[in-house]
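Colleague:
Residue numbers (full-length UniProt numbering), protein chains in the order written: chain L, 1 to 585; chain G, 1 to 190.
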């Protein structure tokens with residue numbers, strides 16, 4: 001009875017479906033669709049490495065060619081997750097080496113990667129082509145050397161903001177003379193100097209090289225020589241500019257840049273002095289992405305650069321740009337889609353930069369395509385937020401960090417509730433939201449009600465009571481990741497909305513008022529959640545009602561993990577056992 | 001919520017129970033807020049001894065070091081800091097920042113380029129287009145609205161010229177050219 005689509009036909013249809021969300025839906029239709037889908041999925045994404053076991057993933061997707069994994073919770077970026085928490089890549093590499101030897105691409109974010117892992121990758125995957133490590137740690141340049149030496153078809157090697165044990169610049173010389181396949185190389189986070197002649201030769205024999213991001217140790221001379229050998233680059237991360245500017249050096253640099261007619265993205269620029277900026281002018285009209293967030297250039301030099309960047313879509317800059325500079329951006333960079341403004345003095349010791357909420361307002365007015373914002377600012381106003389929301393209903397990502405915790409609207413002294421209400425209500429496609437400043441529970445009522453598409457929400461120093469969490473967990477239909485720190489809510493809302501947590505990837509709460517007792521109840525109630533308590537002291541040595549320092553809750557089909565360190569307790573599903581590490585130490 | 005107001009008993013911190021590890025440099029940064037239910041900010045960092053900070057009435061409160069705030073990645077923080085430090089301790093120079101009241105940006109100078117106070121002051125005069133008046137040991141600088149000062153290792157603001165030059169370059173952290181009434185107080189030997 002009934003029509004059944006031959007699997008060959010279904011396979012063919014599925015070959016047009018790339019989005020994993022769609023593929024996930026396909027796999028739920030019926031068993032045969034599940035089977036066909038899983039056998040044809042090439043790109044696998046696992047947003048939480050502890051949500052599922054490596055073996056299960058390898059078994060389900062035997063034709064995997066690309067694996068993307070994320071490990072530590074996002075707040076690990078801000079030192080809120082102690083070292084040693086977890087996120088080890090090894091079990092995954094080991095499992096894939098055994099079951100999916102045709103794997104070609106590995107992308108890891110916030111994971112612990114050892115040299116052993118890298119050596120295993122090099123040894124196990126014959127067709128390995130792409131390695132991207134973002135915010136990873138645990139490996140040394142020896143591991144990188146292994147990859148360089150062994151992976152004959154390596155196209156992409158990117159180390160993005162990793163913490164690497166730097167044993168010297170020799171790793172670069174391990175690329176064999178026969179290797180000509182490089183398309184992208186990013187070693188900007190390494191400290192040691194590499195031999196420039198090795199790099200020159202590598203670049204010369206890599207005709208497909210499109211993206212090159214150097215580390216600060218590469219000098220201006222080195223940069224010039226590399227640009228001459230790779231004028232086809234579309235993405236460039238310069239080395240350091242902190243060297244004496246001789247007149248001939250400047251003109252060589254200018255000339256080298258002007259020959260890079262396809263350059264679209266520029267980053268690095270450490271220590272760039274205003275006198276060097278004119279060397280970049282020739283590439284500005286073609287730039288779509290500019291990362292000045294490590295360049296301590298100030299106004300008005302920045303304007304001269306930015307007014308030439310009429311095609312700019314992405315701008316990362318420090319608050320040294322000031323409101324004035326952002327006015328220039330609003331005037332000249334009409335294609336702008338993404339703006340990030342970072343604080344130049346993160347430790348607040350010199351908070352006297354003339355960057356205010358007006359800077360963001362003016363960009364919101366002038367840049368019609370603006371959809372992604374990250375903005376650090378000392379204080380803000382509701383009026384500014386209302387204007388931003390009204391002008392830019394197309395915002396998809398809005399992350400505002402009012403640096404002063406609990407800072408109210410500095411003109412009216414009110415909480416920023418109204419402002420964030422406007423953002424949540426007005427920006428109907430908002431997918432990511434970070435709030436800050438003085439916020440009452442009301443703000444979260446609005447967010448819960450209106451932020452229907454928000455998937456990731458970050459909150460710090462906000463709210464008054466349990467109502468805050470109640471509003472969020474009973475609303476926010478699309479919420480997948482919620483991270484909260486230093487907010488005064490307790491157990492009630494969390495337990496009331498336990499079921500919601502299974503619809504989310506994870507919930508992080510630190511320095512809130514959630515008790516150990518509540519964690520136990522939650523864990524018992526929700527068998528498919530791992531409730532991890534991250535605490536210096538065993539939670540059982542304190543009263544059950546006492547608040548726990550940090551909690552990380554995530555849905556999983558893999559059960560409690562086996563690799564927790566001393567300070568992490570996964571609450572056991574069997575209440576008699578209480579908490580345990582479950583690992584045999 | 002009342003039971004959470006006094007959390008001292010169940011407070012998590014390093015150190016033996018019964019001891020009070022108060023870190024001298026940390027003060028609360030809680031600004032005025034209408035709500036009493038705000039929990040005292042506690043910062044905990046495995047590497048330092050700290051206690052939960054309390055609201056203080058002293059002014060101006062120095063910003064407390066809250067872990068992970070503002071939310072800037074360590075990679076980024078380190079890169080800005082190390083670039084700062086590197087340029088300050090190049091081995092070849094003692095770079096310090098110089099600010100002048102009323103001027104929009106700061107400058108940086110290399111103290112090791114100067115052999116003594118008169119060279120330094122001349123350079124500052126040129127850089128900021130002002131003049132410094134005459135230095136008197138007892139009375140400080142006279143004859144100008146501007147007074148050159150520096151912040152020393154202890155965080156105190158001192159008049160430039162009071163200590164021997166060698167001592168000055170070792171203890172000077174930054175310079176500030178004060179203007180107006182504030183300047184008057186410092187230079188009249190109070």
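Glycine is no exception: its CB is placed at the ideal position from the N, C-alpha and C atoms.
Considering only residues of the same chain and omitting the five flanking positions on each side of residue 632 of chain L, which have a CB-CB separation below 7 Å?
Modeller: Only positions 1 to 585 of chain L appear in the structure, and residue 632 of chain L is not among them; the question remains open.
Colleague: Could you tell me which whole alpha helix (DSSP H) segments of length 4 or greater appear in the segment 109 to 135 of chain L?
Modeller: You should have 115 to 124.
Colleague: Go ahead and label residue 164 of chain G buried or exposed: buried means 16 or more other beta carbons lie within 10 angstroms of its beta carbon, across all protein chains shown.
Modeller: Flag for residue 164 of chain G reads exposed.
Colleague: Assign residue 229 of chain L to buried or exposed, taking buried as 16 or more other Cβ atoms, counted over all protein chains shown, within 10 Å of its Cβ.
Modeller: Residue 229 of chain L should be labelled buried.
Colleague: Could you check what DSSP says for residue 40 of chain L in three-state terms: helix, strand or coil?
Modeller: Of the three classes helix, strand and coil, the one that applies to residue 40 of chain L here is helix, per DSSP.
Colleague: Determine the extent of the beta strand (DSSP E) in which residue 194 of chain L is found, giving its start and end residues.
Modeller: Careful: residue 194 of chain L lies outside any beta strand (DSSP E) and carries neither H nor E.
Colleague: Tell me which same chain residues have a C-beta within less than 8 Å of the C-beta of residue 164 of chain L, skipping the five on either side of it?
Modeller: 137, 139, 140, 141, 144, 189 and 190.
Colleague: Hey, out of L/167, L/149 and L/168, whose CA is closest to residue 177 of chain L's CA?
Modeller: The shortest C-alpha separation from residue 177 of chain L is found at L/149.
Colleague: Since residue 433 of chain L is in the alpha helix (DSSP H), which residue starts that stretch and which ends it?
Modeller: Careful: residue 433 of chain L lies outside any alpha helix (DSSP H), inside the beta strand (DSSP E) at 432 to 435.
Colleague: With 7 Å set as the bound, which would you pick, yes or no: does the beta-carbon of residue 143 of chain G sit closer than that to a beta-carbon of chain L?
Modeller: So, not an interface residue.
Colleague: Which residues share a DSSP beta bridge with residue 267 of chain L?
Modeller: Residue 267 of chain L pairs with L/237.
Colleague: Is there a Cβ of chain G sitting closer than 7 Å to that of residue 403 of chain L, yes or no?
Modeller: Output row for residue 403 of chain L: interface = yes.
Colleague: Less than 7 Å between the C-beta atoms of residue 222 of chain L and residue 192 of chain L, yes or no?
Modeller: No, the Cβ-Cβ distance between residue 222 of chain L and residue 192 of chain L is not below 7 Å.
Colleague: Does DSSP put residue 553 of chain L in a helix, in a strand, or in coil?
Modeller: Note: residue 553 of chain L maps to strand in three-state DSSP.
Colleague: From the DSSP secondary-structure annotation, give me the bridge partner or partners of residue 459 of chain L.
Modeller: Residue 459 of chain L is bridged to L/435 and L/484.
Colleague: Leaving out the 5 sequence neighbours to the left and right, which residues in its chain are closer than 7 Å to residue 119 of chain L when beta-carbon positions are compared?
Modeller: Answer for residue 119 of chain L: 143 and 146, listed in chain order.
Colleague: Going by C-alpha to C-alpha distance, which of L/538, L/469 and L/320 sits closest to residue 565 of chain L?
Modeller: With distances taken between Cα atoms, residue 565 of chain L lies closest to L/538.
Colleague: So which residues of chain G does residue 75 of chain L contact, with C-beta pairs closer than 9 Å?
Modeller: Here the neighbours are 68 and 71.
Colleague: For residue 161 of chain L, would you say it is in contact with chain G, using Cβ-to-Cβ distances shorter than 7 Å as the test?
Modeller: With 7 Å as the cut-off, residue 161 of chain L counts as an interface residue toward chain G.
Colleague: Measure from the C-beta of residue 75 of chain G to each C-beta in chain L and report whether the shortest distance is under 7 Å.
Modeller: Cβ-Cβ to chain L under 7 Å: yes for residue 75 of chain G.
Colleague: From residue 572 of chain L to residue 504 of chain L, what does the alpha carbon distance come to, in whole angstroms?
Modeller: Cα-Cα distance, rounded: 21 Å.
Colleague: Roughly how many whole angstroms lie between the Cα atoms of residue 178 of chain G and residue 102 of chain G?
Modeller: Using only the alpha carbons, I get a separation of about 9 Å.
Colleague: Which same chain residues end up closer than 8 Å to residue 277 of chain L when comparing Cβ atoms and leaving out the 5 residues on each side of it in sequence?
Modeller: Correct list, in chain order: 297, 301, 304 and 305.
Colleague: Are any of the Cβ atoms in chain L nearer than 7 Å to that of residue 191 of chain G?
Modeller: In the structure as shown, chain G begins at 1 and stops at 190. Residue 191 of chain G is therefore absent and cannot be evaluated.
Colleague: Using 7 Å as the threshold, is the C-beta distance between residue 471 of chain L and residue 490 of chain L below it?
Modeller: No. Outside cutoff.
Colleague: I'd like to know whether the C-beta atoms of residue 205 of chain L and residue 238 of chain L end up nearer to each other than 7 Å.
Modeller: No, Cβ-Cβ distance for residue 205 of chain L and residue 238 of chain L is not below 7 Å.
Colleague: List the residues of chain G whose Cβ lies closer than 9 Å to the Cβ of residue 78 of chain L, in chain order.
Modeller: The answer, in chain order, is 67, 68, 69, 70, 71, 72, 73 and 74.
Colleague: Taking C-beta pairs closer than 8 Å, name the residues in chain G that residue 298 of chain L reaches, listed in chain order.
Modeller: The answer, in chain order, is 105.
Colleague: Against chain G, with Cβ distances strictly below 7 Å, would residue 294 of chain L count as a contact?
Modeller: Chain G, which has a Cβ nearer than 7 Å to the Cβ of residue 294 of chain L, makes this yes.
Colleague: So, residue 158 of chain L versus residue 135 of chain L, is the Cβ gap smaller than 7 Å?
Modeller: Going by C-beta atoms, residue 158 of chain L is not nearer than 7 Å to residue 135 of chain L.
Colleague: Of the residues L/330, L/363, L/553 and L/273, which one's Cα is nearest the Cα of residue 307 of chain L?
Modeller: Cα-wise, what sits closest to residue 307 of chain L is L/330.
Colleague: Please list the segments of the alpha helix (DSSP H) lying wholly inside the segment 499 to 576 of chain L, counting only runs of 4 or more residues, in order along the chain.
Modeller: You should have 516 to 525.
Colleague: Does residue 88 of chain L come out as helix, strand or coil in the three-state DSSP assignment?
Modeller: Reduced to three states, the DSSP call for residue 88 of chain L is strand.
Colleague: Taking the alpha carbon of residue 404 of chain L as the point to measure from, which residue in L/435, L/128, L/105 and L/457 has its own alpha carbon closest?
Modeller: It is L/435.
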